[in-house]
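Numbering (the numbering used here), first residue to last: 188 to 335.
Beta carbons are placed, not taken as given, at the ideal position from N, Cα and C, and that holds for glycine.
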């Protein structure tokens with residue numbers, strides 16, 4: 188993530204692993220800060236990065252279902268309430284993985300010179316198992332001096 192003055196740009200790179208013996212569809216639910224805007228969504232398939240497109244909800248769902256029926260590699264990103272979105276990722280091959288990337292931006296509020304950034308790491312209501320590994324890289328740029 189990069190925080191420049193009060194604008195935070197967060198880049199999420201996540202890998203989903205299918206440890207089973209059958210192809211599965213993954214469902215990824217990500218809590219999104221209230222005023223954040225998604226600027227990028229992509230899925231990696233066989234080493235190739237496939238960029239997402241913004242479409243009307245009904246059209247996106249229809250295209251996704253057509254692709255799933257033809258057994259190609261779609262990912263569908265939908266808002267599920269104002270504070271979260273859901274990505275449907277298909278297929279995740281047996282013993283295989285799918286990698287997704289997303290980026291969102293938000294303006295952080297300042298309170299008496301203090302700017303706070305919150306990244307949602309609590310996954311227990313969205314996933315039956317905790318994350319095995321998390322790596323966070325932060326770059327902060329500010330016209331004001333930084334204080335601890």
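Mind checking which residues open and close the beta strand (DSSP E) that includes residue i?
i	result
residue 211	211-218
residue 286	284-294
residue 318	Premise fails: residue 318 is in no beta strand (DSSP E) and is neither H nor E.
residue 277	271-279
Per DSSP, what are the beta-bridge partners of residue i in this structure?
i	result
residue 193	Answer by DSSP bridge pairing: none, since residue 193 is not bridged.
residue 229	238 and 288
residue 301	298
residue 200	288
residue 328	191
Quick one: residues in its chain with C-beta nearer than 6 Å to the C-beta of residue i, no 5 flanking neighbours on either side, listed in chain order?
i	result
residue 325	188
residue 196	189 and 292
residue 260	In this prediction, residue 260 scores a pLDDT of 49, lower than 50, which makes its location untrustworthy; the coordinate-derived value is nonetheless stated afterwards. Same-chain partners within the cutoff: 232.
Determine the contact status of residue i and residue j, defining contact as a CB-CB distance below 9 Å.
i	j	result
residue 201	residue 286	yes
residue 228	residue 274	yes
residue 199	residue 279	no
residue 204	residue 288	no
residue 315	residue 207	no
residue 252	residue 300	no
Excluding the 5 residues preceding and the 5 following residue i in the sequence, name in chain order all residues of the same chain whose CB lies nearer than 8 Å to its CB.
i	result
residue 224	291, 292 and 293
residue 222	293 and 294
Short of 7 Å in beta carbon distance, which residues of its chain neighbour residue i, apart from the five on each side in sequence? Order them along the chain.
i	result
residue 246	none
residue 304	190, 195 and 295
**Touching by the beta-carbon criterion (3+ pairs, under 8 Å), the stretch 191-203 and the stretch 287-303** = Yes: at least three Cβ pairs fall under 8 Å.
**Request:** Check whether the stretch 230-237 touches the stretch 318-333, counting contact only when three or more Cβ pairs, one atom from each stretch, lie closer than 8 Å.
**Result:** Cβ pair count under 8 Å is below three, so no.
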